[in-house]
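Colleague: Taking the UniProt record's numbering, the leading residue of the sequence shown gets 1, the next gets one more, and so forth. The C-beta atom is built at its ideal place from N, Cα and C for all residues, glycine as well. If you're wondering where the values come from, they're calculated on a predicted model, not measured in any experiment.
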Amino acid sequence: MPAAASSAKASSRRKEKHLSPEELKDIEQKRLKGELSCAECRRLKLRCDKKVPCSSCSRRGCESICPCGILEAGVGTRFILASTDLLHSKISLMSSRIRALEDAVAIFQASVSSERHPLLEDELLKIKFGSEVKNSEDITAANRSADATTLDAFGTLTLGEEGEMKYFGRSAGSETLILVRCVSEEDKNAVPPEVYALALDFNQGTQAQSSLTVSDLLAHLPPRSHAETLAQSYIDHASLFFRATKKDELFDVVLPLLYPSSISLSESMSVPKAIESSTSQTTMPTHSDGSNNHRLPSPHLLAAVYFTFALGSFFDLSASIKIYVSESQRWFELGRKALTPSIFAAAPSSAEDTVRALGLMATYCSMSGKKHARDSAWCGMSLAAKVAQGSGMHRDPARWHMDPVTVQRRRALWWEVCTSDISHSVALGRPPSIHLSFVDCEFPTDEEATLSDTGEEVMGFWRMKYTFAKESFAPVISTTLSAKSPTYSTIVDLDRKIRELSLPPGFKPYVSLYEDGPEIYHNSHLALRDFYASQHRTVTMLYLHRSFFAHAMLTHPSNPLMSPFALSFLAAYRAASVIIKAAVHFYDRCSAVVPRVWFLTYHVFSAAMTVGTVVKRSPNSSIAKSALNDLGQALDLFEKCASSSPRNRIAYALLRRLKGKADRAYA
């Protein structure tokens with residue numbers, strides 16, 4: 001080509017680079033109409049079919065920029081979006097792989113040190129979270145098969161000695177079998193004769209109870225000083241599981257209602273009117289003699305108070321086992337008597353009082369070691385949920401323009417019932433009474449919220465408890481307990497969401513005696529609160545992965561890590577190991593509380609069975625040694641608590657047998 005021609009062509013290209021705004025607008029309009037090649041095809045010198053979007057851009061995954069946009073020039077941009085679905089699938093697989101590696105690192109670290117590994121800091125754990133979509137058809141056959149796998153685990157149907165059948169769903173574990181073997185230990189001598197007579201009359205109809213009044217039940221109230229001691233014990237310990245009443249309302253409103261002669265006029269005037277009005281629904285007319293010195297409480301409020309005393313006595317750390325069991329049983333029978341239909345017919349109670357009484361009764365049943373305690377707790381809390389729904393607590397009270405105190409009280413009571421109902425349902429593998437799709441009640445105001453160093457709001461214990469119930473327990477229930485078995489990809493997605501939930505920085509499940517001091521280390525309230533808070537995520541992970549963990553152990557006993565469910569194997573083992581270590585640390589902080597907490601029997605026993613199964617079925621596994629160590633710690637813990645309840649004695653016997661089998665397999 002002549003030099004003049006090439007020079008003229010170069011000159012024309014330089015002129016094209018300096019187009020006026022009008023010319024650029026005209027070119028854009030022609031591209032939108034399909035008259036010119038799209039900008040991206042022109043940049044890459046590709047053939048363009050001039051459609052919007054063109055087939056070339058659609059094939060490369062950049063149809064969103066066609067026809068006027070272009071990708072930034074650079075190495076590798078020609079096919080950077082060639083398969084967006086594959087990229088998302090790859091990211092998802094890498095995230096799952098990272099989670100498995102984190103579990104492996106945590107398991108190894110736990111076997112050599114009690115300190116957290118530097119690679120497992122909270123900020124580093126958040127790196128793997130992002131957009132995870134698994135829709136690609138190009139995923140390997142093994143992973144695609146695992147994602148689509150469902151396990152037909154229907155649950156367990158047990159048959160009792162008298163022919164009664166009980167169902168435990170997929171999320172329930174080995175700990176539920178203790179319920180079948182527990183022997184009811186009714187101790188008539190532990191309850192005063194007059195109270196025991198009331199308990200015998202409980203199911204004998206209204207004719208035998210017609211003469212019983214609220215005044216008769218009030219005669220059994222303890223002295224005011226002892227009542228305040230029991231109430232404080234309840235606030236410090238049992239209220240963490242079910243807070244029917246806040247401390248200020250319990251001490252400033254409820255107790256003065258029961259002990260009117262011990263409160264001065266100035267003290268009564270100091271009670272806020274808003275709180276005082278909250279008890280207007282929980283009162284009866286004055287005495288039959290016409291005196292107006294004080295009004296009687298409603299029977300269900302009195303039942304709630306007696307159940308509060310029962311829980312407070314149950315957690316009386318200064319009393320021996322025989323004393324706190326007998327006293328708590330006395331208050332429990334009195335509270336149960338106050339719930340009888342005949343008393344309720346003579347003096348109706350508000351729905352809030354009924355919900356409080358039923359919730360407290362269910363909480364006490366869950367703590368006791370009797371045969372049908374867990375079933376009673378599940379049924380009692382379900383009934384409380386139905387009563388709460390009947391009074392509209394599941395709908396936000398602000399809709400009806402209630403006063404602020406009533407709004408906060410109803411919100412708090414609703415979420416306590418909802419959280420407890422969901423917790424009992426997950427533990428037994430049974431459907432809850434509450435489906436959150438029908439709920440719009442907001443969380444109560446977080447009075448314990450604080451600000452972090454960066455100015456972000458840090459939620460308190462109660463907000464954390466409600467948040468985990470709503471965003472962790474509820475999705476696990478709806479997924480794992482549905483009639484249609486979930487796919488493994490659904491389980492993995494739930495795993496990711498649960499890991500994204502983290503405990504507030506203020507909670508320290510593992511405190512140091514030397515760094516934090518004996519006041520904090522041996523504080524029973526803080527020890528129980530921190531242990532309970534730490535269990536929310538680990539227990540959920542154990543429930544979520546338990547079925548797939550068992551499948552991995554059964555199908556790949558020589559090396560469960562070769563199973564397509566290796567992620568569940570590692571996640572379940574890590575959760576079990578953490579639960580056992582947390583319980584051991586809790587016992588060291590406050591040994592008097594541990595035997596009284598139902599977590600010990602239900603969750604720690606299940607965790608011990610999990611780690612014991614690893615050693616028994618996979619003794620050559622790389623984590624068998626640390627699993628055997630965890631099983632030994634759990635066995636030592638149950639040995640120390642075996643004398644506290646029949647459940648702990650049965651659990652200790654079962655774990656001792658498992659430990660013997662595990663030792664022989666490992667040797």
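1. Applying the criterion that 16 or more other CB atoms from any shown protein chain within 10 Å of the CB defines a buried residue, is Ile579 buried or exposed?
2. Pull up the DSSP beta-bridge partners for Thr450, would you.
3. Please say whether Ala576 and Leu628 have beta carbons closer to each other than 8 Å?
4. Over the uninterrupted alpha helix (DSSP H) stretch that includes Val445, give me the two end residues.
5. Where does the unbroken alpha helix (DSSP H) through His525 begin, and where does it stop?
6. Please classify Pro223: is it buried, with 16 or more other beta-carbons within 10 angstroms of its beta-carbon, or exposed?
7. Determine the extent of the alpha helix (DSSP H) in which Asn620 is found, giving its start and end residues.
8. By alpha-carbon positions, which one of Ala319, Pro297, Asp252 and Ala219 ends up nearest to Ser233?
9. For Tyr521, report the span of its alpha helix (DSSP H) as first-last.
10. Okay, do the stretch 581 to 593 and the stretch 354 to 361 touch, 3+ Cβ pairs below 8 Å being the bar?
11. With 16 as the cutoff for other CB atoms within 10 Å, does Phe309 come out buried or exposed?
12. Could you tell me whether the Cβ atoms of Pro595 and Asn648 are closer together than 8 Å?
13. With a threshold of 16 other CB atoms inside 10 Å of the CB of Ile323, please say whether the residue is buried or exposed.
14. Reducing DSSP to helix, strand and coil, say where Leu501 ends up.
15. Quick check: the Cα distance between Trp415 and Tyr466, rounded to an integer number of angstroms?
16. Would Leu296 and Val405 be called neighbours here (beta carbons separated by less than 8 Å)?
17. Tell me the residue span of the alpha helix (DSSP H) that contains Ser647.
18. From the DSSP output, in three-state form, read off Glu35 for me.
19. So for Arg496, helix, strand or coil by DSSP?
20. My guess is that Met393 and Arg410 are in contact by the Cβ rule of under 8 Å, so how many angstroms apart are they, rounded?
21. If you count every other CB in all the chains shown that lies within 10 Å of the CB of Gln389, and 16 or more means buried, which is it?
22. Once you ignore the five residues that flank Lys659 on each side, which residues in its own chain have a CB closer than 8 Å to its CB?
23. How long is the line joining the alpha carbons of Val539 and Cys41, rounded to whole angstroms?
24. Closest to Pro619 by CA distance: which of Asp663, Met609 and Leu654 is it?
25. Is Leu36 closer than 8 Å to Lys45 when the C-beta atoms are compared?
26. Taking buried to mean at least 16 other C-beta atoms within 10 Å of its own C-beta, is Arg399 buried or exposed?
27. Could you tell me the distance, in whole angstroms, from the CA atom of residue 682 to the CA atom of Gly455?
28. Out of Ser644, Val254 and Asp403, which one is the CA nearest neighbour of Ala303?
29. Determine the extent of the alpha helix (DSSP H) in which Met361 is found, giving its start and end residues.
30. Determine whether the beta carbon atoms of Phe242 and Leu360 lie at a separation below 8 Å.
31. Any idea if His536 is buried or exposed, counting beta-carbon neighbours within 10 angstroms, 16 or more meaning buried?
32. Does DSSP classify Lys45 as helix, strand or coil?
33. Classify Asn559 as helix, strand or coil using the three-state DSSP reduction.
34. By Cβ distance, which residues of its chain are closer than 8 Å to Leu451, with the 5 residues on each side in sequence left out?
35. Would you mind reading off the limits of the alpha helix (DSSP H) that contains Trp414?
Modeller: Quick answer:
1. Looking at its Cβ environment, which holds 16 or more other Cβ atoms inside 10 Å, Ile579 is buried.
2. Paired residues: Val458.
3. The Cβ-Cβ distance between Leu628 and Ala576 does not fall below 8 Å.
4. For the record, residue 445 in the displayed sequence is Thr; it is not Val. Where Thr445 is concerned, there is no enclosing alpha helix (DSSP H), given that its DSSP letter is neither H nor E.
5. Counting along the chain, the unbroken alpha helix (DSSP H) around His525 starts and ends at Ser524 to Thr555.
6. Sixteen is the threshold: since fewer than 16 other Cβ atoms of the shown chains lie within 10 Å of the Cβ of Pro223, the residue is exposed.
7. Bounds of any alpha helix (DSSP H) do not take in Asn620, whose DSSP letter is neither H nor E.
8. Of the listed residues, the one whose Cα sits closest to Ser233 is Ala319.
9. Note, Tyr521: alpha helix (DSSP H), Pro518 to Tyr521.
10. The count of Cβ pairs closer than 8 Å, one atom from the stretch 581 to 593 and one from the stretch 354 to 361, stays below three, leaving the stretches out of contact.
11. With 16 or more neighbouring CB atoms inside 10 Å of its own CB, Phe309 falls in the buried class.
12. Contact: yes.
13. Exposed, because fewer than 16 other Cβ atoms sit within 10 Å of the Cβ of Ile323.
14. DSSP, reduced to helix, strand and coil, places Leu501 outside both helices and strands of the structure shown, so it counts as coil.
15. If I take the Cα positions, the gap works out to 7 Å.
16. Remark: C-beta atoms of Leu296 and Val405 do not approach each other more closely than 8 Å.
17. Rather than Ser, the amino acid found at residue 647 in this sequence is Arg. Taken as a continuous stretch (DSSP letters only), the alpha helix (DSSP H) holding Arg647 covers Pro646 to Tyr666.
18. Note: Glu35 maps to coil in three-state DSSP.
19. Helix.
20. Beta-carbon to beta-carbon, Met393 and Arg410 are separated by about 6 Å, close enough to satisfy the 8 Å threshold.
21. Within a 10 Å sphere around the beta-carbon of Gln389 sit 16 or more other beta-carbons, which makes this residue buried.
22. Excluding five sequence positions before and after Lys659, the CB atoms of its chain that fall closer than 8 Å to its own CB belong to Gly612, Leu631, Gly632 and Leu635, given in chain order.
23. Roughly 54 Å between the two C-alpha positions.
24. It is Asp663 whose Cα lies nearest to the Cα of Pro619.
25. No. Outside cutoff.
26. Exposed, by the Cβ-count rule.
27. Any answer about residue 682 is impossible in this case: the structure gives the chain only from 1 up to 667.
28. Closest by alpha carbon: Val254.
29. Annotation: the continuous alpha helix (DSSP H) that includes Met361 extends over Ala351 to Met367.
30. Yes, the Cβ-Cβ distance between Phe242 and Leu360 is below 8 Å.
31. Its Cβ being crowded by 16 or more others within 10 Å, His536 is buried.
32. Note: Lys45 maps to coil in three-state DSSP.
33. In the structure shown, Asn559 sits in coil (DSSP, three-state: anything other than H, G, I, E or B).
34. Closer than 8 Å at the Cβ level, and outside the excluded window around Leu451, lie Glu457 and Val458.
35. Following the DSSP letters along the chain, one finds Trp414 inside the alpha helix (DSSP H) bounded by residues Pro404 to Leu428.
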